[in-house]
Amino acid sequence: MKNFSKTITAAIAIILFILPNSSFAQEQVKFDLTRQISLKNESAKSEVKVKISEAYNFLQLDILCQLRKGEINLEITDPNGNKKGEFSVKTNFGDSSTTTEIVNGSWMKSFKHPLNGDWVIKLTPKSATGEVHIVSRMKFIPQIDMIHVDEIVR
Amino acid sequence: MSTKSSVKLVKYFISAFLLSWACSFSGSTGCAALPQQKGIHGEIELDTTVWAPVAYLSIVPDFTQKYTMSYQTIIERVKIDESGSFQFSSQTLPEKEHLYRIHFSKKGDPPASMIIGGKDENHFFLIANPESEINIQVKTGPRLINKLVIKANTPNQSLLKINEVAGFLDTLDYYGSSVNRDFVRQAVNDQLRVIADSSHNPLVCLYALYQMDMETDIKLNQEFYHDFLKRWSKEDSEYFKVFRTNFPEYKRLNLLFPLIIGIGLIITLVIILLIFRSRRLAKESLYSSLSVQERKVFQLLKEGKSNKEISEDCAISISTVKSHVNNIFSKLNISSRKDVMDYPK
């Protein structure tokens, strides 16, 4: 009887050790969010917030901007207010011009263990006409520290 | 091992690793010097099914525009030949050293396309002037710019090393806890400041500093930035002018100097005017000491009349005229008829 209980304990210990590494445990909780912002001779500043909760331990943030007129600056800050990135896209033509040109700018970054709270994308346009797509992918990946970011993104 | 000691160990290893990089800044170029031609030569194994075989060279007018994409800043576009080679002529570049960005665009995308981050990051930076001899090798892999090799060009090799050091900031997510992240961030920022402090190239120094969240770093390391500004106080490039705008007190100091000069000039002018005025008043008060007859004689002297003419005009004897003239000279503290002519009244 004593041996039996030892065997059971060992079996449970083995199961508990294997379980987190099994394919079952690799299942991810996902939450994708896409926002599309159309700008037409826009000069008003705006903010887009991406809320990260404790349920997720991975964040992929893609910001794609295509401009036909004017200019725009985009700044990304984490919930602590630290700037994580910034980029601008400018065209040679203002809204009064009949000529347009297309300029693209993209910002794509991935974060393991992103800070919980509101990640803020600040948009500062000047007579801007175009589109901004913000795609945020949040996941919970068990044992994320064992996986390279590139593998998760892929 | 406790968490505290493991944090220390991580910090120690990172510092040692980064320091070994930073130490190589003082002299070695890392690659053997090769005979080269002036210009920017490059090689890239481009997947032409995805990427257009064109390389674009843009000027970065200041570091705040490092990630600004526009057609205005693209100064040259060259075709990438079948062997993957491309070449920009450095002769058309501005005389002074500038920061440049080379980028590639995907097929179907506009030429002015910038991708920051991810496997498709499509650009890199370099420092050049018309005399530059730059040889770049872009090695592709899982990423478009998987590895960048720049041969025998010290400032640009420094940029690569800075990129490697700053790359640690992107791998911060390997260190789970926020305490560990802060330690790593601090270690990386310390090394970037060491590079900025030790490099002799002003653009390399700024490139290192702009890799950080500078706004936060300035608040934490005021003494370093104070010394840095002092060291490069004579640097008048646009890069430094824009960099100095991060320091309002420096701006105030810069405004204070011309203000002091201006105030000094105004005070000097006022003093000179006051001196002239007081002299004029002194002369007027001397003039008022003359008698009615003497004033009349004085006016006639000013008109250049002789003693005889004055005697006739005033109906007085010549000896009386002489006496008035002597009194005038004595009271006005002058010694000749010419002095009378020059006298303000």
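Protein chains in written order, with my numbering: chain A, 1 to 154; chain B, 1001 to 1345. Note that beta-carbon positions come from the ideal geometry of N, C-alpha and C, so glycine has one too. Note that this is a predicted model, so its numbers are computed, not measured.
Counting along the chain, residue 1208 (chain B) sits inside the alpha helix (DSSP H) bounded by residues 1202 to 1209.
In chain A, no part has a C-beta under 9 angstroms from the C-beta of residue 1141 (chain B); the shortest such distance is about 11 angstroms.
Sequence-ordered contacts of the stretch 79 to 91 of chain A with chain B read 82, 83, 85, 86, 87, 88, 89, 90 and 91 [C-beta pairs closer than 8 angstroms]. Taking the Cα positions, residue 45 (chain A) is about 42 angstroms away from residue 1153 (chain B). About 19 angstroms separates the beta carbons of residue 1069 (chain B) and residue 135 (chain A), which is beyond the 8 angstroms limit, so they are not a contact pair.
CA-to-CA, the gap between residue 128 (chain A) and residue 1066 (chain B) works out to about 20 angstroms. Annotation: Cβ neighbours of residue 102 (chain A) in chain B (cutoff 8 angstroms, chain order): 1110 and 1112. The stretch 1257 to 1271 of chain B and the stretch 1302 to 1318 of chain B do not touch, with fewer than 3 CB-CB distances between them shorter than 8 angstroms. Counted as a single uninterrupted DSSP element, the alpha helix (DSSP H) harbouring residue 1227 (chain B) occupies residues 1222 to 1231. Residue 1182 (chain B) sits in a helix when the DSSP states are folded into three classes. Looking at B:1145, B:1304 and B:1328, the one whose alpha-carbon comes closest to that of residue 1292 (chain B) is B:1328. Under DSSP, residue 130 (chain A) shares a beta bridge with A:39 and A:67. Interface with chain B (8 angstroms Cβ-Cβ cutoff): residue 108 (chain A) is included. Residues of the stretch 1049 to 1082 of chain B whose Cβ lies closer than 8 angstroms to any Cβ of chain A, in chain order: 1065, 1067, 1068, 1069, 1070, 1071 and 1072. As the crow flies, the alpha-carbon of residue 1195 (chain B) is around 22 angstroms from that of residue 1245 (chain B). Chain order gives no chain B residues near residue 70 (chain A), where near means a beta carbon separation below 8 angstroms; the closest approach is about 11 angstroms. Proximity of residue 1047 (chain B) to chain A, defined by a Cβ-Cβ separation below 8 angstroms, is not satisfied. Beta-bridge annotation (DSSP): residue 1128 (chain B) is paired with B:1098. Listed in chain order, the positions of the stretch 125 to 136 of chain A with a beta carbon within less than 8 angstroms of a beta carbon of chain B would be empty, since no residue qualifies. Under the three-state reduction of DSSP, residue 1123 (chain B) is assigned to strand. Under the DSSP definition of a beta bridge, residue 1041 (chain B) partners with B:1087 and B:1135. Per DSSP, reduced to three states, the secondary structure at residue 1082 (chain B) is coil, with no helix or strand assignment. DSSP lists B:1077 and B:1103 as the beta-bridge partner residues of residue 1056 (chain B).
Scanning chain B for C-beta atoms nearer than 7 angstroms to the C-beta of residue 105 (chain A) yields 1069 and 1114, reported in chain order.
Beta-bridge partners assigned by DSSP to residue 1244 (chain B): none are found. Under the DSSP definition of a beta bridge, residue 86 (chain A) partners with A:75.
Close partners of residue 1213 (chain B) in chain A (Cβ separation under 7 angstroms): 82 and 83. Collapsing the DSSP output to three states places residue 1169 (chain B) in a helix. One Cα belongs to residue 1287 (chain B), the other to residue 1326 (chain B), and the distance between them is close to 14 angstroms.
Counting C-beta atoms within 10 angstroms of its own C-beta, residue 1139 (chain B) has fewer than 16 neighbours from the protein chains shown and is therefore classed as exposed. Sequence-distant Cβ neighbours of residue 1331 (chain B) in its own chain, meaning closer than 8 angstroms and more than five residues away, are 1286, 1289, 1290 and 1294. Taking all protein chains in view, the Cβ of residue 1050 (chain B) is surrounded by fewer than 16 other Cβ atoms within 10 Å, so the residue is classified as exposed. Counted as a single uninterrupted DSSP element, the alpha helix (DSSP H) harbouring residue 1329 (chain B) occupies residues 1318 to 1332.
Straight through space, the alpha carbons of residue 84 (chain A) and residue 6 (chain A) are spaced by roughly 53 angstroms. Proximity of residue 1216 (chain B) to chain A, defined by a Cβ-Cβ separation below 8 angstroms, is satisfied.
With contacts defined as CB atoms closer than 8 angstroms, residue 106 (chain A) and residue 63 (chain A) qualify as a contacting pair.
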